[in-house]
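Participant: Can you keep this structure in mind? I'll have questions shortly.
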Amino acid sequence: MTHPAPGRRACAPGGHGDPHGPVDWRVYLVTDPHLGGGRDVVPRIVHEAVLGGVGVVQVRDKECDDDEFATRAAAVADAARRAGARVGRDVPVFVNDRLDVARELGLHLHVGQRDVPFRRARAALPGHLMVGLSIESDEQLGVALAGPGPAPDVIGVSPVWSTATKTDTAAALGPAGADRIARAAHRRGVAAVGIGGITAATVGLLAGTALDGVCVVSAVMGAPDPRAAAHELLAHWDRSRDRARG
């Protein structure tokens, strides 16, 4: 498998994906409404995290209603856009589960196994918007890739390790399991990021896998300095991947 650049992957299976070019999946931030001081500070954290090296953001909040979520997602998207402009790159913003909000705001969408079905979400959104899907097993990936229909643009492979952020997940896959699923996804042109228990101390253990990057929540959202935390994660990932590739 040849990557466009370390940790980057052009994401256009079936004609979908970012029309502006490759997506930098290396450090993918999923927001949390309770970490770092509450919902009102999430845009500031995202702004700082993008300045530190976060390449993709997902807005996740399972508690507020759609109207409030849309307002907050728009603020996060604006923060990511402004920070991305400062560092000279586009930063895709996904929303978690809220199909109607994604369509209204023109944002990408990520769905879990118990959210709106992937194929329904894909059919409901224009082709330039990406749709990601959570995958917890080889079997789930097989179902997602079965048949001639569109594949996800990216999968979140989870959990790599157990995590306190989400308690309703399957058994931990470990680096070997995450690698196996990522390789299978790549055969269909689907990007793969690992999530679950990933910190600056553990990210290097994934550098030898086929994952295109890592998803983090508390490692950045709960950090006293989100910019520094994002920078540290990215630096560990790049150094470890360089060593793994020899």
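So for the sequence shown, my numbering puts the first residue at -3; every next one is plus one.
For glycine and all other residues, C-beta sits at the position ideal for the given N, C-alpha and C.
Relative to the ligand MN, is the shortest distance from any of its heavy atoms to the C-beta of V153 smaller than 6 Å?
Facilitator: No copy of the ligand MN appears in this structure; indeed no ligand is present at all.
Participant: Please list the terminal residues of the continuous alpha helix (DSSP H) segment that includes I41.
Facilitator: Looking up residue 41 in the sequence shown gives position 45. Run containing I41: V38 to G48, per the alpha helix (DSSP H) assignment.
Participant: Let's see if you can read the secondary structure: which residues bound the alpha helix (DSSP H) around H30?
Facilitator: What you label residue 30 is simply residue 34 of the sequence shown in a count that begins at 1. It is not in any alpha helix (DSSP H) - H30 carries neither H nor E in the DSSP assignment.
Participant: Could you pull out every unbroken beta strand (DSSP E) segment of at least 3 residues lying fully inside the region 84 to 139, listed in chain order?
Facilitator: Whole beta strand (DSSP E) segments, 3+ residues: 89 to 92, 104 to 107 and 127 to 131.
Participant: For the pair the region 132 to 143 and the region 116 to 123, tell me if three or more CB-CB distances fall below 8 Å.
Facilitator: No: fewer than three Cβ pairs fall under 8 Å.
Participant: For G218, which residues from the same chain have a beta carbon less than 7 Å from its beta carbon, with the 5 sequence-adjacent residues on both sides left out?
Facilitator: The count along the sequence shown starts at 1 and reaches residue 218 at position 222. Correct list, in chain order: L31 and G32.
Participant: If I follow the unbroken beta strand (DSSP E) through I194, where does it start and stop?
Facilitator: Here residue 194 refers to the residue found at position 198 of the sequence shown. First-last for I194: undefined, no H or E at that position.
Participant: Since V243 is in the alpha helix (DSSP H), which residue starts that stretch and which ends it?
Facilitator: Lying before the first or after the last residue shown, residue 243 is absent from the chain, which here runs from -3 to 242.
Participant: Hey, would you say R184 sits closer than 7 Å to A147, going by beta carbons?
Facilitator: As a working note, residue 184 is residue 188 in the sequence shown. As a working note, residue 147 is residue 151 in the sequence shown. Result yes, Cβ atoms of R184 and A147 sit closer than 7 Å.
Participant: Take E44 and list the residues in its own chain whose beta-carbon comes closer than 6 Å to its own, dropping the five residues that flank it on each side.
Facilitator: Residue 44 sits at position 48 when you count from the first residue of the sequence shown. Within the same chain, E44 has close Cβ partners P222 and R223.
Participant: Run through the DSSP bridge pairs and tell me what C211 is partnered with.
Facilitator: Counting from 1 along the sequence shown, the entry for residue 211 is found at position 215. DSSP output for C211 lists Y24 and I191 as bridge partner(s).
Participant: I need the boundaries of the beta strand (DSSP E) containing G51, first residue and last residue.
Facilitator: Within the sequence shown, the letter at position 55 stands for residue 51. Run containing G51: none; DSSP gives neither H nor E here.
Participant: Assuming contact is defined by CB atoms lying nearer than 7 Å, are A196 and H227 in contact in what I supplied?
Facilitator: Residue numbering aside, residue 196 sits at position 200 when the sequence shown is read from its first letter. Residue numbering aside, residue 227 sits at position 231 when the sequence shown is read from its first letter. Result no, Cβ atoms of A196 and H227 do not sit closer than 7 Å.
Participant: What's the gap between the Cα of S158 and the Cα of D111?
Facilitator: Residue mapping note: residue 158 aligns to position 162 of the sequence shown, counting from 1. Residue mapping note: residue 111 aligns to position 115 of the sequence shown, counting from 1. In a straight line, the C-alpha of S158 is about 21 Å away from that of D111.
Participant: Measuring alpha carbon to alpha carbon, tell me which residue in D61, G170 and H104 is nearest D149.
Facilitator: Locating residue 149 in the sequence shown gives position 153, counting from the first residue. Measuring from the Cα of D149, the nearest candidate turns out to be H104.
Participant: Give a yes or no on whether the C-beta atoms belonging to V213 and Y24 are separated by under 7 Å.
Facilitator: By 1-based counting over the sequence shown, the position of residue 213 is 217. By 1-based counting over the sequence shown, the position of residue 24 is 28. No, they are not a contact pair.
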